[in-house]
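Heads up, the sequence shown is in numbering that gives the first Met the number 0, so the first residue is 0 and it goes up one at a time. For glycine and all other residues, C-beta sits at the position ideal for the given N, C-alpha and C. Just so it is clear, the structure is predicted and the values come from calculations on it, not from any experiment. Below you'll find the structure, written out as structure tokens, and then a few comments.
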Amino acid sequence: MPLDQSLEQLLRWYVDAGADEAVGETPVDRFALSARPAPKPAPQPAAPVAASVRPAPPQPAPLRVPPVSGTATHIAAECKTLEQLRTALENFDGLPLKRTARSTVFADGDSEATLMVIGEAPGAEEDRAGLPFVGKSGKLLDRMLASIGLDRDSVYITNVVPWRPVENRKPTAEEVAVCLPFVSRHIELVDPKFLLLLGGASASALLARHEGINRLRGRWYDYASPGLPRPIPAMATFHPAYLLRTPAAKRDAWRDLLQVKKRLETGH
């Protein structure tokens with residue numbers, strides 16, 4: 000057994016036995032120590048002459064997210080085609096998040112597809128490419144779709160937030176709220192038969208639920224909107240980025256995908 004490990008075990012044994020201090024081998028006269036004169040305090044250095052302190056430059060006020068009511072809702076409602084919606088998002092300046100993004104990541108795939116897949120927000124690679132789900136998460140999404148007989152050309156893919164948050168963080172509730180009228184209009188214009196919602200931010204926003212993704216996943220919901228002729232069945236599951244961090248959750252995601260496959264095969 001190594002010496003360090005032996006010493007550690009010995010010390011643990013002493014602690015378990017009730018020892019609470021270390022005692023040296025040479026006796027020490029504590030009374031003699033207390034009789035010694037106290038040491039003189041060390042001389043204190045002279046107080047430094049105060050230098051002129053320049054005031055710190057004023058910091059810019061934090062950017063505030065504008066209220067969602069009004070502008071975004073009105074702009075989205077005016078869009079009659081997907082191309083108009085894309086242009087509206089590219090020209091929209093009501094969200095500070097857009098100022099730090101390189102691209103407005105609109106969508107990919109077949110706009111007439113039966114299944115519409117909606118994630119949370121683009122990452123760095125998506126921001127560079129201008130397309131959703133092209134990084135590591137996108138490659139996993141491709142494999143997830145392939146497992147139920149689909150590919151990117153047979154589905155329609157977008158995000159709730161079309162601009163990349165700095166450092167790939169999750170979009171805030173305020174950012175999601177500003178973008179919600181746009182993604183809602185996006186769904187109305189595509190009018191798919193089924194929705195697959197990836198991640199908690201996407202599921203909570205579109206289903207108007209406050210539970211986390213662990214509670215929301217694995218069940219069908221009816222997504223309704225004034226511009227839709229009927230409610231759309233929606234399934235929530237884990238975001239591919241979460242599955243990359245938590246491989247054990249892939250089993251549950253697979254079960255969710257099998258439910259989607261069954262609905263696609265039966266058509267209802």
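- When the beta-carbon positions are compared, Leu96 and Trp162 come within less than 7 Å of each other.
- Looking at the DSSP output, Pro232 shares a beta bridge with Asp221.
- Looking at Lys192, Cys178, Leu188, Val189, the one whose alpha-carbon comes closest to that of Leu205 is Cys178.
- A Cβ-Cβ distance of about 12 Å is found for the pair Val154 and Leu197, leaving them out of contact under the 8 Å criterion.
- Shortest Cα-Cα distance from Gly226 to any of Val259, Arg142, Val182 involves Val182.
- Here DSSP, grouped into helix, strand and coil, assigns Asp109 to coil.
- Exposed is the label assigned to His267, since fewer than 16 other Cβ atoms lie within 10 Å of its Cβ.
- By the 16-neighbour rule on beta-carbons within 10 angstroms, Ala252 is buried.
- When secondary structure is reduced to three states using DSSP, Ile212 falls in the helix class.
- With respect to Trp219, Pro228 sits apart: the two C-beta atoms are not nearer than 7 Å.
- DSSP, reduced to helix, strand and coil, places Thr157 within a strand of the structure shown.
- Check the Cα spacing between Asp255 and each of His73, Ile156, Leu144: the tightest is with Leu144.
- The Cβ neighbour count for Thr245, taken over all protein chains shown within 10 Å, is under 16; the residue is labelled exposed.
- In this structure the stretch 115-130 lies against the stretch 91-105, because at least three pairs of beta carbons, one per stretch, are closer than 8 Å.
- In the structure shown, Phe181 adopts helical secondary structure according to DSSP, grouped into three states.
- Gly137: member of the alpha helix (DSSP H) spanning 135-145, first to last residue.
- Of the residues Ala76, Ala75, Ala176, the one whose Cα lies closest to the Cα of Ala202 is Ala176.
- Where Gly199 is concerned, the enclosing alpha helix (DSSP H) starts and stops at 199-206.
- Around the beta-carbon of His209, fewer than 16 other beta-carbon atoms lie within 10 Å, marking it exposed.
- Between the C-alpha atoms of Ile156 and His238 there is a straight-line separation of about 13 Å.
- With respect to the 7 Å criterion, Ala240 and Ser136 are classified as neighbours on the basis of their beta carbons.
- For Leu149, no beta strand (DSSP E) encloses it, and the DSSP letter there is neither H nor E.
- Gly129 is bridged by DSSP to nothing; it lacks a bridge partner.
- A straight line joining the alpha-carbon of Val259 with that of Val116 spans about 11 Å.
- When secondary structure is reduced to three states using DSSP, Val259 falls in the helix class.
- Contact annotation: Asn158 and Pro131 have beta-carbon atoms nearer than 7 Å.
- Separation of Leu215 and Ala235 (C-alpha to C-alpha, rounded to the nearest whole angstrom) is 6 Å.
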